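Here the protein sequences line up with chains A and B, keeping their order.
When we follow my numbering, the leftmost residue of the first sequence carries the number 1, and every step to the right adds one.
When we follow my numbering, the leftmost residue of the second sequence carries the number 1001, and every step to the right adds one.
Glycine included, C-beta positions come from ideal geometry on N, C-alpha and C.
Remember, it's a predicted structure, so these values are computed and weren't measured experimentally.
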Amino acid sequence: GNSVTQMEGPVTLSEEAFLTINCTYTATGYPSLFWYVQYPGEGLQLLLKATKADDKGSNKGFEATYRKETTSFHLEKGSVQVSDSAVYFCALRRPGGSQGNLIFGKGTKLSVKP
Amino acid sequence: NAGVTQTPKFQVLKTGQSMTLQCAQDMNHEYMSWYRQDPGMGLRLIHYSVGAGITDQGEVPNGYNVSRSTTEDFPLRLLSAAPSQTSVYFCASRQAPTGWVPHNEQFFGPGTRLTVL
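Next up, the structure:
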């Protein structure tokens, strides 16, 4: 079946530290991959996406590269800020599956300390 | 645009009570979905709709009903609430995919936090 596995949290970093949140997936066909962010008390917002192998999604200093050979989509940021504290979800969308609804990982909570 | 709106923000029910979670979007999106978010579980799809009059089940549909009489609204009904339905519920919408744009962004509402005692 289709699934997404994320590294377990919580992750606690100091401001300006390097961030990596690992995400691997299992899917039939060629899924699209997404990272969503959920700030405290809010809904989910799309952070970045990649729709085919070797695509790199980027936004707000975050990056992730679609690696088909390792079925991964790791999220990275070179220098985190306190305002990046949130829960991050990796997700996939399989073309045609459940009309393209998203399949989510369990989420990784990030806390950034000043 | 208000985007995706949900009401209420918080709700406490007793076991066996019924209620409807409201969801509306003003972006003229064809596709709408309901997810529930539980600690350590991520988001799981409950029901979805690809247009007015068309609904289908997701991963965890039991105990929930939906209908889609208009493009804008997609209410979620709990017929007889159970403690296992304590969760945060998110409604989402997006445009139908096209050949030009097959991977439209999904927009989420702010959520409804439901507690069933």
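Name the chain A residues whose beta carbon is nearer than 9 Å to that of residue i?
| i | result |
| --- | --- |
| PRO1126(B) | Summary: the structure shown does not reach residue 1126(B), with chain B confined to residues 1001 through 1117, and so no result is reported for it. |
| GLN1011(B) | Simply none; closest approach about 16 Å. |
How close, in whole Å, do the beta carbons of residue i and residue j come, if the pair is a contact with beta carbons under 8 Å?
| i | j | result |
| --- | --- | --- |
| ALA1096(B) | VAL1004(B) | Their Cβ separation, rounded to whole angstroms, is 16 Å, which puts ALA1096(B) and VAL1004(B) out of contact at 8 Å. |
| THR1015(B) | LEU1117(B) | 7 Å |
| ALA86(A) | PHE34(A) | Actually they do not touch by this definition, with Cβ atoms about 15 Å apart. |
| ALA27(A) | ASN2(A) | 5 Å |
| PHE1090(B) | PHE1108(B) | 5 Å |
| LEU47(A) | PHE62(A) | 6 Å |
| LYS49(A) | GLY43(A) | With a Cβ gap of about 17 Å, LYS49(A) and GLY43(A) do not count as contacting. |
Spatial neighbours of residue i within its chain, please: C-beta separation below 6 Å, excluding the five flanking residues on both sides.
| i | result |
| --- | --- |
| GLN1011(B) | LEU1114 |
| ASN22(A) | MET7, HIS74 |
| ALA1024(B) | THR1005, GLU1072, ASP1073 |
| LYS109(A) | GLY9, PRO10, VAL87 |
| TYR39(A) | ALA86 |
| SER79(A) | GLU16 |
Using a C-beta to C-beta distance shorter than 7 Å, which residues of chain B count as neighbours of residue i?
| i | result |
| --- | --- |
| PHE104(A) | GLY1042, LEU1043 |
| LEU75(A) | The premise fails here: LEU75(A) is roughly 15 Å from chain B at the closest Cβ pair, so nothing lies under 7 Å. |
| GLY107(A) | GLY1042 |
How would you list, in chain order, the residues of chain A whose beta-carbon sits under 8 Å from the beta-carbon of residue i?
| i | result |
| --- | --- |
| GLU1072(B) | Neighbours of GLU1072(B) on chain A: none; closest Cβ ~18 Å, over 8 Å. |
| TYR1064(B) | Those do not exist, as TYR1064(B) stays about 15 Å from chain A at its closest Cβ, beyond 8 Å. |
| GLN1022(B) | Those do not exist, as GLN1022(B) stays about 15 Å from chain A at its closest Cβ, beyond 8 Å. |
Buried or exposed for residue i, going by 16 or more other Cβ atoms inside 10 Å?
| i | result |
| --- | --- |
| LEU1043(B) | buried |
| PHE73(A) | buried |
| ASN1062(B) | exposed |
| ARG1058(B) | Note that residue 1058(B) corresponds to Gly in the displayed sequence, not to Arg. When all chains shown are included, GLY1058(B) counts as buried. |
| ASP84(A) | buried |
Provide the residue(s) that pair with residue i in DSSP beta bridges, ordered along the chain.
| i | result |
| --- | --- |
| VAL1004(B) | GLN1025(B) |
| ARG1036(B) | ARG1044(B), TYR1089(B) |
| GLY1051(B) | ILE1054(B) |
| TYR88(A) | VAL37(A), THR108(A) |
| ASN101(A) | Looking at the DSSP assignment, ASN101(A) forms no beta bridge with any residue, so it has no partner. |
| GLU63(A) | SER58(A), GLU76(A) |
| MET1019(B) | LEU1078(B) |
| THR1113(B) | Checking the sequence shown, residue 1113(B) turns out to be Arg, not Thr. ARG1113(B) is bridged to PHE1010(B), VAL1088(B). |
| VAL1066(B) | LEU1076(B) |
| LYS113(A) | SER14(A) |
| LEU19(A) | LYS77(A) |
With a threshold of 7 Å on Cβ separation, who are the neighbours of residue i within its own chain once the five nearest residues in sequence on each side are excluded?
| i | result |
| --- | --- |
| SER1080(B) | GLY1016, SER1018 |
Cutting at 8 Å between CB atoms, please list the residues of its own chain near residue i, excluding the five before and the five after it.
| i | result |
| --- | --- |
| LYS1009(B) | PRO1110, GLY1111, THR1112, ARG1113 |
| VAL1050(B) | GLU1030, TYR1031, ASP1056, ALA1096 |
| PRO1075(B) | THR1020, LEU1021, GLN1022, CYS1023, VAL1066, SER1067 |
| TYR25(A) | ASN2, SER3, VAL4, THR5, PRO31, LEU33, THR71, SER72, PHE73, CYS90, LEU92 |
| THR20(A) | HIS74, LEU75, GLU76 |
Residue i versus chain A: which residues are under 7 Å apart at the beta carbon?
| i | result |
| --- | --- |
| SER1033(B) | ASN101 |
| TYR1089(B) | Those within 7 Å of TYR1089(B) in chain A number zero; the least Cβ separation is about 11 Å. |
What in chain B is Cβ-close to residue i, meaning under 8 Å?
| i | result |
| --- | --- |
| PHE89(A) | GLY1042, LEU1043 |
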